[in-house]
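Numbering (this note's numbering), first residue to last: 1 to 155.
This is the structure we're talking about:
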């Protein structure tokens, strides 16, 4: 598996079980708004009509993960609120809430469930022969500049 932003040893994820373990480890103790994307490592087109099997995991508040599964390129969500109090967890949704999410989404605190859904999506549903066919990218949230202690606060 190719990781575009990390020097992960490819032997760690050379099996499907290894990929599950690696994904679970990658999702623990991450900042809210982190986005992890997985898809074919050979995909380079920006043509919206191209079919590309992919997943996107976004970290929400309270250790909740949002997994979106698609056959089109997934955009980056501009989520207005990362709170999770009203979300239904561990139930697959197909309601079309996200226009680019063609094959459903789920909210869960269970990183193993999320990782297993990702692996199954590529291995069983799309016939990826090995993890070497997949690529990964991370997008960490931007941080605002800390306040300058030398400036007076505005009342």
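For glycine and all other residues, C-beta sits at the position ideal for the given N, C-alpha and C.
Residue environment, residue i, which counts as buried when at least 16 other CB atoms sit within 10 Å
i, result
"residue 144", "exposed"
"residue 53", "buried"
"residue 20", "buried"
"residue 78", "exposed"
"residue 42", "exposed"
"residue 59", "buried"
"residue 131", "buried"
"residue 122", "buried"
"residue 61", "exposed"
Strand pairing of residue i, partner residues [DSSP]
i, result
"residue 69", "55"
"residue 108", "65"
"residue 76", "Per DSSP, none; premise fails for residue 76."
Secondary structure of residue i, DSSP reduced to three states
i, result
"residue 114", "helix"
"residue 127", "coil"
"residue 26", "helix"
"residue 18", "helix"
First and last residue of the uninterrupted beta strand (DSSP E) at residue i
i, result
"residue 82", "Unbroken run through residue 82: none, as it is neither H nor E."
"residue 137", "134 to 139"
Practice item. Could I get the ranges of all uninterrupted beta strand (DSSP E) runs contained in the region 28 to 62, with 3 residues as the minimum, in chain order? Key: You should have 35 to 40 and 54 to 59.
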